[in-house]
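K.L.:
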Amino acid sequence: MKKIPVIMDCDPGHDDALALILAFASDKLDVKAVTVTGGNQTLAKTLRNAKRILSYIGKRPPLGAGADKPMFRELETAPEVHGESGLDGPSLPETDYREEPIPAVDLLRKTILESPEPITLIPTGPLTNIGILLTAYPEVKQNIARISLMGGSILAGGNWTSAAEFNILVDPEAADIVYTSGIPITMCGLDVTHRAMILANETETLRKLGGKIPVLAAELIDYFSKYDTSLGFSGAPLHDPCAVAWLIKPELFTTRDFYVEIETKGKHTTGMTMADLRFWTKAKPNVTVCLDLDREGFIRLLMDACDSYPK
Ligand code: RIB
Ligand code: CA
Numbered sequence: 000m001k002k003i004p005v006i007m008d009c010d011p012g013h014d015d016a017l018a019l020i021l022a023f024a025s026d027k028l029d030v031k032a033v034t035v036t037g038g039n040q041t042l043a044k045t046l047r048n049a050k051r052i053l054s055y056i057g058k059r060p061p062l063g064a065g066a067d068k069p070m071f072r073e074l075e076t077a078p079e080v081h082g083e084s085g086l087d088g089p090s091l092p093e094t095d096y097r098e099e100p101i102p103a104v105d106l107l108r109k110t111i112l113e114s115p116e117p118i119t120l121i122p123t124g125p126l127t128n129i130g131i132l133l134t135a136y137p138e139v140k141q142n143i144a145r146i147s148l149m150g151g152s153i154l155a156g157g158n159w160t161s162a163a164e165f166n167i168l169v170d171p172e173a174a175d176i177v178y179t180s181g182i183p184i185t186m187c188g189l190d191v192t193h194r195a196m197i198l199a200n201e202t203e204t205l206r207k208l209g210g211k212i213p214v215l216a217a218e219l220i221d222y223f224s225k226y227d228t229s230l231g232f233s234g235a236p237l238h239d240p241c242a243v244a245w246l247i248k249p250e251l252f253t254t255r256d257f258y259v260e261i262e263t264k265g266k267h268t269t270g271m272t273m274a275d276l277r278f279w280t281k282a283k284p285n286v287t288v289c290l291d292l293d294r295e296g297f298i299r300l301l302m303d304a305c306d307s308y309p310k
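If you're matching positions, the sequence shown starts at 0 in numbering that gives the first Met the number 0 and goes up one per residue.
1. Could you compute how far the alpha carbon of K310 sits from the alpha carbon of T269?
2. Decide yes or no for the touch test of the segment 221-234 against the segment 171-187: beta carbon pairs closer than 8 Å, at least 3 of them.
3. Any heavy atom of ligand 1 closer than 6 Å to the Cβ of D10?
4. Opposite G82 in the DSSP bridges: which residues?
5. Quick one: does the C-beta of G124 sit closer than 6 Å to a heavy atom of ligand 1?
6. Just tell me which of E203, K50, P69, G63 has its CA closest to the CA of G234.
7. Would you tell me roughly how many angstroms separate the C-alpha atoms of D190 and D221, rounded to the nearest one?
8. Quick check: is any heavy atom of ligand 1 less than 6 Å from the C-beta of G38?
9. Cα separation between L107 and A32?
10. Verify the contact flag: D67, CB atom, against every heavy atom of ligand 2, threshold strictly below 6 Å.
11. So, helix, strand or coil for M271, using DSSP?
12. Have a look at C241, A282, D239 and flag the residue whose alpha-carbon is nearest the alpha-carbon of D256.
13. What whole-angstrom Cβ distance do T192 and P236 have, given they're in contact under 8 Å?
14. Under the rule that 16 or more other beta-carbon atoms within 10 Å means buried, what is N200, buried or exposed?
15. If we ignore side chains and look at the alpha-carbon of each, how far apart do K27 and L74 end up?
16. Alpha carbon to alpha carbon, how far is E262 from T185?
17. Between A49 and P11, is the Cβ-Cβ spacing less than 7 Å?
18. Starting from the Cα of G151, find the closest Cα among G296, S161, R206, L208 and give me that residue.
19. Looking at the secondary structure, which residues open and close the alpha helix (DSSP H) in which L42 lies?
20. Tell me the rounded alpha-carbon separation between I311 and Y258.
21. According to DSSP, simplified to helix, strand and coil, what is K27?
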């Protein structure tokens, strides 16, 4: 079975960390590079977190340092969700990553253009790096197979505002560039990620698997679930791993194709991913939207991935 060559673009971030663990464990994916953006925390913090996570799971992909702010706006971070470090909770050792990171857009362009197979991008943070890449080097589109992203929502409303999900809201102009690029998009928005919930008993099962990575994953979820359970969720919605899981096991997901556009101007709606829900619309769909999933199957996939690492 040929592996899918992918690049992870992330803002770790607890659920980004789980997405990295899942991606590197899969025999379906070949992670060619990891690029980092500001988002959950500042770029300096998300880059430090990416290095610590990659060191801890024993992976050494080419690492790209990306945008420290959105294309046309100031950066908004989420310390209330991910803490001051962006990865509060687990005590991860400092990294032994000595390589200086490469500018993310250069690494993205080089990796994409040099790949013999079209690359799939997996953005799990604000889309700034991808927006800059497609603007500066539109020729890369010819060798991008698909973008499987975590972001937005079409029926579930927002999480950062009533209309907008955090990743899209932080850089709506970059998202607009991505959604109008013509590149096939799979969107794992809040419609599906709010159903990709891990429950407390499942986190305990994960922890009891024992070993470095299952225990780390459980500790990431312990911290990450504090914010969502304080809002009234019954567990922790595992947003970012969905964008990876869809590539590994698409049969876990229920999807529909829609024409989706990004609001960049609305006083109340900036950052909204607006799907054309009219059954008579003539608009050509540009996005495969994940609407539901086999939650238990998703949790099992994540647990098996964590358990596959050396103990
Ligand atoms: O809205 C959820 C998204 O925002 C996730 O990617 C999480 O990591 C944060 O970046
Ligand atoms: Ca993220």
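Even for Gly, the Cβ is constructed at its ideal location relative to N, Cα and C.
P.N.:
Short version:
1. Going from the Cα of K310 to the Cα of T269 covers about 45 Å.
2. Fewer than three beta-carbon pairs drawn from the segment 221-234 and the segment 171-187 are found closer than 8 Å, and the two stretches are therefore not classed as touching.
3. Relative to ligand 1, the nearest heavy atom lies less than 6 Å away from the CB of D10.
4. According to the DSSP secondary-structure assignment, G82 is paired through a beta bridge with no residue.
5. Yes, Cβ of G124 sits closer than 6 Å to a heavy atom of ligand 1.
6. If we check each option's Cα against that of G234, E203 comes out closest.
7. Answer to the nearest angstrom: the Cα atoms are 23 Å apart.
8. It does: the Cβ of G38 is within 6 Å (strictly closer) of some heavy atom of ligand 1.
9. Those two C-alpha atoms are separated by around 8 Å.
10. No - ligand 2 has no heavy atom lying nearer than 6 Å to the Cβ of D67.
11. Here DSSP, grouped into helix, strand and coil, assigns M271 to coil.
12. The shortest Cα separation from D256 among C241, A282, D239 belongs to A282.
13. Sure, about 5 Å apart at Cβ, within 8 Å.
14. Label assigned to N200: exposed.
15. Rounded to the nearest angstrom, the two C-alpha atoms are 34 Å apart.
16. Cα-Cα distance, rounded: 18 Å.
17. Cβ distance < 7 Å, so A49 and P11 count as in contact.
18. Nearest option by C-alpha distance: S161.
19. Counting along the chain, the alpha helix (DSSP H) containing L42 begins and ends at 42-55.
20. This structure leaves residue 311 out entirely; the chain is present only between 0 and 310.
21. Residue state, collapsed to three classes: coil.
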